[in-house]
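8 protein chains.
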Amino acid sequence: MPKNDISSFARLDFARKARTGFGETVFGQGKTPEQLAKIFAAFKTARQPVLATRCTAEQAAYLAEAGIACEWDPVSRTIVSKGRHNHTIDGLVAVCTGGTADIPIAEEAAKTVEFFGGKALRLFDVGIAGLHRLLGKIDKIRKADVVIAVAGMEGALGSVIAGLVAAPVVAVPTSVGYGAGAGGIAPLLAMLNSCAEGLSVVNIDNGFGAAICACRMIKRLKG
Amino acid sequence: MPKNDISSFARLDFARKARTGFGETVFGQGKTPEQLAKIFAAFKTARQPVLATRCTAEQAAYLAEAGIACEWDPVSRTIVSKGRHNHTIDGLVAVCTGGTADIPIAEEAAKTVEFFGGKALRLFDVGIAGLHRLLGKIDKIRKADVVIAVAGMEGALGSVIAGLVAAPVVAVPTSVGYGAGAGGIAPLLAMLNSCAEGLSVVNIDNGFGAAICACRMIKRLKG
Amino acid sequence: MPKNDISSFARLDFARKARTGFGETVFGQGKTPEQLAKIFAAFKTARQPVLATRCTAEQAAYLAEAGIACEWDPVSRTIVSKGRHNHTIDGLVAVCTGGTADIPIAEEAAKTVEFFGGKALRLFDVGIAGLHRLLGKIDKIRKADVVIAVAGMEGALGSVIAGLVAAPVVAVPTSVGYGAGAGGIAPLLAMLNSCAEGLSVVNIDNGFGAAICACRMIKRLKG
Amino acid sequence: MPKNDISSFARLDFARKARTGFGETVFGQGKTPEQLAKIFAAFKTARQPVLATRCTAEQAAYLAEAGIACEWDPVSRTIVSKGRHNHTIDGLVAVCTGGTADIPIAEEAAKTVEFFGGKALRLFDVGIAGLHRLLGKIDKIRKADVVIAVAGMEGALGSVIAGLVAAPVVAVPTSVGYGAGAGGIAPLLAMLNSCAEGLSVVNIDNGFGAAICACRMIKRLKG
Amino acid sequence: MPKNDISSFARLDFARKARTGFGETVFGQGKTPEQLAKIFAAFKTARQPVLATRCTAEQAAYLAEAGIACEWDPVSRTIVSKGRHNHTIDGLVAVCTGGTADIPIAEEAAKTVEFFGGKALRLFDVGIAGLHRLLGKIDKIRKADVVIAVAGMEGALGSVIAGLVAAPVVAVPTSVGYGAGAGGIAPLLAMLNSCAEGLSVVNIDNGFGAAICACRMIKRLKG
Amino acid sequence: MPKNDISSFARLDFARKARTGFGETVFGQGKTPEQLAKIFAAFKTARQPVLATRCTAEQAAYLAEAGIACEWDPVSRTIVSKGRHNHTIDGLVAVCTGGTADIPIAEEAAKTVEFFGGKALRLFDVGIAGLHRLLGKIDKIRKADVVIAVAGMEGALGSVIAGLVAAPVVAVPTSVGYGAGAGGIAPLLAMLNSCAEGLSVVNIDNGFGAAICACRMIKRLKG
Amino acid sequence: MPKNDISSFARLDFARKARTGFGETVFGQGKTPEQLAKIFAAFKTARQPVLATRCTAEQAAYLAEAGIACEWDPVSRTIVSKGRHNHTIDGLVAVCTGGTADIPIAEEAAKTVEFFGGKALRLFDVGIAGLHRLLGKIDKIRKADVVIAVAGMEGALGSVIAGLVAAPVVAVPTSVGYGAGAGGIAPLLAMLNSCAEGLSVVNIDNGFGAAICACRMIKRLKG
Amino acid sequence: MPKNDISSFARLDFARKARTGFGETVFGQGKTPEQLAKIFAAFKTARQPVLATRCTAEQAAYLAEAGIACEWDPVSRTIVSKGRHNHTIDGLVAVCTGGTADIPIAEEAAKTVEFFGGKALRLFDVGIAGLHRLLGKIDKIRKADVVIAVAGMEGALGSVIAGLVAAPVVAVPTSVGYGAGAGGIAPLLAMLNSCAEGLSVVNIDNGFGAAICACRMIKRLKG
């Protein structure tokens, strides 16, 4: 196993794939560009592809200048290494949002699904204030193995979908909104209190977390 | 004007009808049966009908024993004086609930609408986890002058209705539920964060408050 | 119906007017200037006027440069398209504030009322610490079809007004204040706990929401 | 000084009067009837009168059976020793409440004022939803040295009074109310955020605390 | 389809199985024994088995007296109808708890899994304060299709398991504990903030909700 | 009385002195420099001195450039008009702080006392972690008519002082601190829960509010 | 090692002493009397003494009837097995309380210290509202190896002590108090925000937790 | 004793070492560079070394320019005076972190331990999502006199360590994380609710506080 103790600040978990089925990924937030570059280099040495989430444009620019082969997506704030691909899962994940402002979180989820080899069906701005938008797409959503419902505000999207489809639904509250319950608390509580069945929840704005849940379900259960 | 200073504990506001269009009502909770009886007697002297909310069976029994002509409804926990009727408003209020457990609050609202002379259309257990239940009744709801949406849990009923009808919607969160956001906080926040238009909110479990809002809208605007 | 799927980020709801009586509007916050410009263009294509709220000076400048005919108001942070006018409602809404700092939210409400064809009566800085200011204006307020009470700090303005007039009152807590209950929590809780009748509440700083509630009441009930 | 170490559970502070001007009092809640009886006996030995607050009927009955000369008031839940009187202060404190349910806390305040020799002017149920009730009594309130404003729900009583009188106002939020902000949080926040001047606040339901503040002001400043 | 409008208080959703793959179940809490009995009768008429959760001994006794064939389990507080069995899923769910006090919630989950035809592997009191207890059982847990981790207090059980196995983990915070973060808030927040992958969360004490999530994953993905 | 309706944004309360004994003051925060300048001009026209709190350097510079005779203090963030002096009260207020970081709030209080003609005794950094610092100054503090205790962190300064002196104590929590209870919540709660007598509380960082309470006590009671 | 899997509900950790230096203890709350009895029997079989905390009188009575040799203390709510003694530590722990109502939690701490062989110095009702009570005992407290400071209300006792002694202080907030910050939140936050050094905190009412911390310090460091 | 009243803003506590065993240190946050320089000069005059925490680069630069002999560490944000050394304690403190982002807080702790003469063993990024990382280092950790466990997110590191070692553990929650429980609330609550023994907690991000607790334990108990 390659040395994973990088300059005393991080212990990469290259054994994770053996334990959980999915290789280690990187949470970019709070890391210096130098730290991130060293981590990408370590993955390259280990001959593993890598996905970093919550990255800044500054981090991406540093990696580009440092000659690291990778791709930066400013909407989802992800950086993916080039060259090696994952074929970890084979399945379809529908990623739906209540509004336009939820898209960055949804894209983080979709990019994660795609990093691990899955397909992502994007259906954005189908919130419940205009139900016809969702009902018009429900047949498409029913084809997915797992549904990720991303919503801020009153956060009811996941409940409505879970009542209409047979797939498991992972709900992601977003920090979209203001006033009482701002920062995602209102949709988080709504999702935890859902009266629909088959809905589980991840933390506010955790698009990556929802995606890795969906991927694990597919890999473990669908094979 | 009749004397309204009852034994130094309450100052009844018999002038309210002149100011706001609606006679005073009584919040029963926390009052002793004796206090409530004196208040009912004062209304009788003032030749005004009276509605008391949040009353207990014990209060109701005391009034009955004291020979006060009134009717007790255990579901809505209201006591209404007999003999004089209100013809304050003329209109239809739809009172919808998400679940069975929201019925007591909805009944408090419906009884209040009826006390002031309005008609109440009751549609219970039409929550969003099974949308067909609501969509099957939406034409009936569209006939109402005002809609009162009573819901606990994720509290999305009002948002969905407000996106489908033209009437103003008053949303009442209920303390139904448990865990995070229990006590009505989750549906309250969801309702305040509704992305639907035309929805305003009253306090948790305040069926009376929603009804008096609806009645005021009808009286002031429909005449 | 015009195509409403704009570059995959938004699904405009041009059918809303048929369902709820009011055309779609736009929440500007969090949208890029480009997205907002595309949305304004779509409304023009659909031959509908449009109101955007929570807009920045940067968004307004972009629209102006892009040659979109519209008007930007920096106090209320609204942008309204020019050319087509709404005559959706006919009524008078009194918009009152407790203090000077509440004015931006009150202006958002007033502009919304005016966008839909209503009249707005502005009465600012009439908070309860100097009651004579409010009492001196109460006869004017009594002429309104609906009252919008905008207040931060202890948030008691709505309660006092609702006890003095016959019109429905929509209360808007503002994020004015500091310390315990900052961010609008103190006035929100005060308004939800109002002992006055006929008062309903919208989310903190939601001037638009209060106005659209008032407009719906007028359109549905006054005709 | 008498021995004040009673059975190892309490250290009575008989030196307090020398330091702060007021003799020690007793917080009855959570003490066993036996403990309370021993404390009353110690005060008797020390030849000092004593006031106990938050007492239960059970505690009162135990003291009566034990032959301790004292008076129990079930509304304010206070027990006052008989025989020796306090003439600590000379002044008038107006004790006002927003509603009927606030009376027990107001009575705790009034009894405390009277225990220390002051006069209490009781004005109950003068809340702001019917302003005429308060305005009709304002001249009486203006005669007080200090005003104690006791209110639950939206808690605006103190703000309105402080804007109309020259005396210092001590505001007491009460746990009257339900839903969001229940347990006194809503009026506490409203009082802390008051835009009126001259208003300070004590903890929820702390009628005793407000009274001892008022008494200290009178003793220290009026002499 | 059978009539599902029972005495105007509930609208049973017998069409749910067609939409989501799982038949309707009943939330017993807050329902009167009479209401529950009518619901069980309606299921019998519909020839469907039924699971009721959060039931009291009183409800169970009423059903028994009413001659309804069902089984009451006091630990999990579930009532299951007799006679018809579900064969909805085929899979193994590991149900682990941190402590002894979490067992009732874990049993609710296990009974739900079994109601729908799955197998439940119970592993109780394997919390992280004594890691050897969990590590000694990890090979058994690795055989499960889905893991349900039930924990109160610091709620770290799910994180540790999710780092060691390949199956999706549904975490259930319980209201076990006291002091700051009591009522399940501490473990809920810990689970939402888990740095392990593949963990999603349901509301506090919602053993049923976790189980139906697990069952949906198995049915949808494993077939 | 002078015209007090300034450009429709503020209604100055020049009658306040007659009602409450103290002239109006101005809350600078959130006002534009132009608004503040107009307000200072209106006070000059009314021949009244004015104190503005929570002012920025930018506001102060604007007033200076506009030729308004006033004094800016950057520590307390106050601006006081020059020329006319207040002789409203005659008394001594001790202003104590727990630490160095509390000084700006304490200075706001001291400047307010001085604006109204009182004397302020400043005793800073006498917090309870080194009790000898406070005990060494207690004789000085005992000479004050009122004590203002300004403290962040655990906020115990007011309790300790109130147990040692006979004057009323007004406690001001400050937003000094970090982590749990940050923003002043920890000292606010500590002050509200004080077991010392004679302590009342104002909102977090409200040095002005504490001072005007102290001044009112002195004016009303000491004469 | 003895069998520690008792009827499938608990896995006793008899190896703990080897790992951490202290034998397992039992949290009695939430366990049935039968479960507790089985656990005591298991300890007897393992020839280890046992301490159970948070026990009820009902549990104690059951154990007594079952013939288990143990001692029940109703104030601290502890049950200790008879026969075998612990000589785990040798040291002195001062257990101080702010008030009388904090005694049960302090006794839980003291009994725990004594169970493990240490000495407990009890100093109750020495809160900061009357500092002379604490200062008069400070020389005794200075002799302790560790100080446990138990306090509710404003919770400042630990800060004052930590500023006066050289021993480590473990602070225990108690749920004594009412109103804002009730349930121990106010003292918990005060303790976490202490500006004194050498103070660490355990959860509200966790007397046992503080004691085991103190014992570990003594055993590990003093030997 | 040297004059410690510096320009009226601070009262340095040079007597602290005599009382508590440790010399005074300085909390840099919120102090102006000038204030900090004066404080460092006062320590030099008093011939005492000094540690300042939470310092900014700007403060450090000012001290350097002012010719004060000191060392600035940007990771831990500490400034330590040069020239005089502390030999207050003799012991080993293990400082562990859950992740990379917790390092600044851990370094604050380690630098504090070293300032007082102790040895710090740094073990970073050994969080529980990959248990093997911690288990591989546990023998090293077991050699420490005290363990400081620094963790954000779900904050379980301290619990796991406390179950595996005999040393007292001081847990430091960090403000690392996002969403529900952000700002360190989630790990704080998890640590307070730990089911492991021997764990006490300091405030969020308070690395200094944990270290001074550890040092006090070592000095007082190990000698």
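Protein chains in written order, with the numbering used here: chain B, 1 to 223; chain R, 224 to 446; chain L, 447 to 669; chain C, 670 to 892; chain Y, 893 to 1115; chain V, 1116 to 1338; chain X, 1339 to 1561; chain P, 1562 to 1784. Ideal placement from N, C-alpha and C gives every residue a C-beta, glycine not left out.
Quiz prompt | Beta-carbon gap between residue 1734 of chain P and residue 1712 of chain P smaller than 8 Å | solution = In this structure, the beta-carbon distance from residue 1734 of chain P to residue 1712 of chain P falls below 8 Å.
Quiz prompt | Burial state of residue 1047 of chain Y (16 or more Cβ within 10 Å) | solution = With 16 or more other Cβ atoms within 10 Å, it is buried.
Quiz item: What separation, rounded to the nearest whole angstrom, lies between the Cα atoms of residue 1567 of chain P and residue 1221 of chain V?
Solution: Between the C-alpha atoms of residue 1567 of chain P and residue 1221 of chain V there is a straight-line separation of about 18 Å.
Quiz prompt | residue 542 of chain L and residue 524 of chain L closer than 8 Å at C-beta | solution = Taking 8 Å as the Cβ cut-off, residue 542 of chain L and residue 524 of chain L do not qualify as a contacting pair.
Practice problem: Compare the C-beta of residue 1534 of chain X against all C-beta atoms of chain V and say whether one is closer than 8 Å. | Solution: Yes, residue 1534 of chain X counts as interfacial toward chain V.
Quiz item: Around the C-beta of residue 454 of chain L, are 16 or more other C-beta atoms found within 10 angstroms, so that it is buried, or is it exposed?
Solution: So residue 454 of chain L counts as exposed.
Quiz item: Which one or two residues does DSSP pair with residue 1142 of chain V in a beta bridge?
Solution: Beta-bridge pairing links residue 1142 of chain V to V:1168.
Quiz item: Are any of the Cβ atoms in chain L nearer than 8 Å to that of residue 229 of chain R?
Solution: It does not; no Cβ of chain L falls within 8 Å.
Quiz item: From what residue to what residue does the alpha helix (DSSP H) around residue 304 of chain R run?
Solution: From DSSP, residue 304 of chain R is part of no alpha helix (DSSP H) but of the beta strand (DSSP E) over 301-304.
Quiz item: By how many angstroms is the C-alpha of residue 1525 of chain X removed from the C-alpha of residue 1602 of chain P?
Solution: Between residue 1602 of chain P and residue 1525 of chain X, the C-alpha separation is close to 36 Å.
Self-check item: chain X contact residues for residue 1308 of chain V, given Cβ-Cβ distances below 9 Å
Solution: Within chain X, the residues placing a beta-carbon under 9 Å from that of residue 1308 of chain V are 1490, 1491, 1492, 1493, 1515, 1516, 1517, 1518, 1519, 1520, 1524, 1525 and 1528, ordered along the chain.
Practice problem: Check whether the stretch 15-25 of chain B touches the stretch 1069-1085 of chain Y, taking contact to mean three or more Cβ pairs, one atom from each stretch, closer than 8 Å. | Solution: No: fewer than three Cβ pairs fall under 8 Å.
Quiz item: Under 8 Å between C-beta atoms, does residue 1116 of chain V make it to chain L?
Solution: Confidence at residue 1116 of chain V is low in this model, with a pLDDT of 35, below 50, so the placement of that residue is unreliable and no value is reported for it.
Exercise. Under 8 Å by Cβ, that's how I've got residue 1104 of chain Y and residue 1724 of chain P pegged, so tell me the actual separation to the nearest angstrom.
Key: Taking a contact as a CB-CB distance under 8 Å, the pair residue 1104 of chain Y and residue 1724 of chain P does not count as one, their CB atoms being some 33 Å apart.
Self-check item: Per DSSP, cross-strand counterpart(s) of residue 1658 of chain P
Solution: BP columns for residue 1658 of chain P point to P:1711.
Quiz item: What whole-angstrom Cβ distance do residue 1540 of chain X and residue 1506 of chain X have, given they're in contact under 8 Å?
Solution: Contact check for residue 1540 of chain X and residue 1506 of chain X: beta-carbon distance about 13 Å, past the 8 Å limit, so the pair fails to qualify.
Practice problem: Using a Cβ cut-off of 8 Å (strictly closer), state whether residue 482 of chain L contacts chain C. | Solution: So no, residue 482 of chain L is outside the interface.
Exercise. Just the C-alpha distance for residue 226 of chain R and residue 753 of chain C, rounded to the nearest angstrom, thanks.
Key: A caution first: residue 226 of chain R carries a pLDDT of 41, below 50, which makes its placement in the model unreliable, though a value can still be read off. About 40 Å.
Self-check item: Outcome for residue 1780 of chain P when other beta-carbon atoms lying within 10 angstroms are tallied against a minimum of 16
Solution: With 16 or more other Cβ atoms within 10 Å, it is buried.
Quiz item: Quick one: what does DSSP say residue 565 of chain L is sitting in, helix, strand or coil?
Solution: Residue state, collapsed to three classes: strand.
Quiz prompt | Contacting residues, own chain, Cβ-Cβ under 7 Å from residue 739 of chain C (five flanking each side not counted) | solution = Closer than 7 Å at Cβ, skipping near neighbours: 709, 732, 748, 749, 750 and 751.
Quiz item: From the beta carbon of residue 584 of chain L, is the nearest beta carbon of chain C less than 8 Å away?
Solution: Closer than 8 Å: no.
Quiz item: Is any beta-carbon of chain Y found at less than 8 Å from that of residue 1732 of chain P?
Solution: Residue-level contact by beta carbon fails for residue 1732 of chain P and chain Y, as no gap is shorter than 8 Å.
Quiz item: Exposed or buried, residue 234 of chain R, counting other C-beta atoms within 10 Å across all chains shown (16 or more means buried)?
Solution: Residue environment for residue 234 of chain R: buried (at least 16 other C-beta atoms within 10 angstroms of its C-beta).
Quiz item: Are the beta-carbon atoms of residue 237 of chain R and residue 269 of chain R separated by less than 8 Å?
Solution: Yes, they are a contact pair.
Practice problem: Quick one: list the residues of chain P neighbouring residue 119 of chain B, beta-carbon separation under 7 Å, in chain order. | Solution: Near residue 119 of chain B there are no residues of chain P at all, since even the closest Cβ is about 27 Å away, more than 7 Å.
Practice problem: Just the chain Y side, please: which residues come within less than 9 Å of residue 1347 of chain X by C-beta, in chain order? | Solution: Going along chain Y in sequence order, the residues near residue 1347 of chain X (Cβ under 9 Å) are 992, 995, 1016 and 1017.
Quiz item: Sorted by chain position, which residues of the same chain lie with C-beta nearer than 6 Å to residue 1546 of chain P's C-beta, five sequence neighbours on each side aside?
Solution: The structure shown does not extend to residue 1546 of chain P, since chain P spans only 1562 to 1784, so no value can be given for it.
Quiz item: Quick one: what does DSSP say residue 382 of chain R is sitting in, helix, strand or coil?
Solution: Correct three-state label for residue 382 of chain R: helix.
Self-check item: Span of the beta strand (DSSP E), counted from its first residue to its last, around residue 1186 of chain V
Solution: That run of the beta strand (DSSP E) goes 1185-1188.
Quiz item: Rounded C-beta distance between residue 222 of chain B and residue 117 of chain B? I'm assuming under 8 Å.
Solution: Contact between residue 222 of chain B and residue 117 of chain B is absent: CB atoms are separated by about 12 Å, not below the 8 Å threshold.
Exercise. Pick out whichever of L:604, L:518, L:471 and L:535 has its Cα sitting closest to the Cα of residue 490 of chain L.
Key: Closest by alpha carbon: L:471.
Self-check item: Unbroken alpha helix (DSSP H) run spanning residue 1371 of chain X, endpoints
Solution: In this chain, the alpha helix (DSSP H) harbouring residue 1371 of chain X covers 1371-1383.
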